[in-house]
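Enquirer: Residues 1 to 88 in the numbering used here are what the sequence shown spells out, letter by letter.
Glycine included, C-beta positions come from ideal geometry on N, C-alpha and C.
All of these numbers come straight from a predicted model, not from anything done at the bench.
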Amino acid sequence: MLDAISSVSVRLDDTVEGLKARLSPAPDEIRLIYAGRQMEDGKRLRDYQITSYCLIHVLRRLRGGGSVEPSESHVYSGKIMSSSLLQG
1 MLDAISSVSV RLDDTVEGLK ARLSPAPDEI RLIYAGRQME DGKRLRDYQI
51 TSYCLIHVLR RLRGGGSVEP SESHVYSGKI MSSSLLQG
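1) Run through DSSP, which three-state label would Val16 get?
2) Is Tyr53 helix, strand or coil when you go by DSSP?
3) Just mark Leu45 as buried or exposed, buried being the case when its beta carbon has 16 or more other beta carbons within 10 Å.
4) Alpha carbon to alpha carbon, how far is Cys54 from Tyr48?
5) So, does the region 28-42 touch the region 7-16, judging by three or more C-beta pairs under 8 Å?
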């Protein structure tokens, strides 16, 4: 469904998570954007004043991975300084 334009019939009482489940086999991996706002699970389409033939953007939710190791340097005022300089 991603990278395509599709037409989906909905009712105003449909929920955002219900629509996501219809659009993707992994609804927790997408987000819906309407009128520049991210649509929230738990809300109904009615809450966003959805109209006929409106455009809802479907975006993949990009998740980071792995842990971040502490660094010996820090960014301060746009410059990287060693931690020994910050302590003194």
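Expert: With the structure as the only source:
1) Along the sequence shown, read from residue 1 onward, the residue named residue 16 stands at position 16. Under the three-state reduction of DSSP, Val16 is assigned to helix.
2) Here residue 53 is taken as the residue at index 53 of the sequence shown, counted from 1. Assignment of Tyr53 by DSSP, reduced to helix, strand and coil, places it in the coil class.
3) What you label residue 45 is simply residue 45 of the sequence shown in a count that begins at 1. Burial call: buried.
4) Stepping through the sequence shown from its first residue, residue 54 is reached at position 54. Stepping through the sequence shown from its first residue, residue 48 is reached at position 48. Cys54 and Tyr48 have their C-alpha atoms spaced approximately 11 Å apart.
5) The region 28-42 is in contact with the region 7-16.
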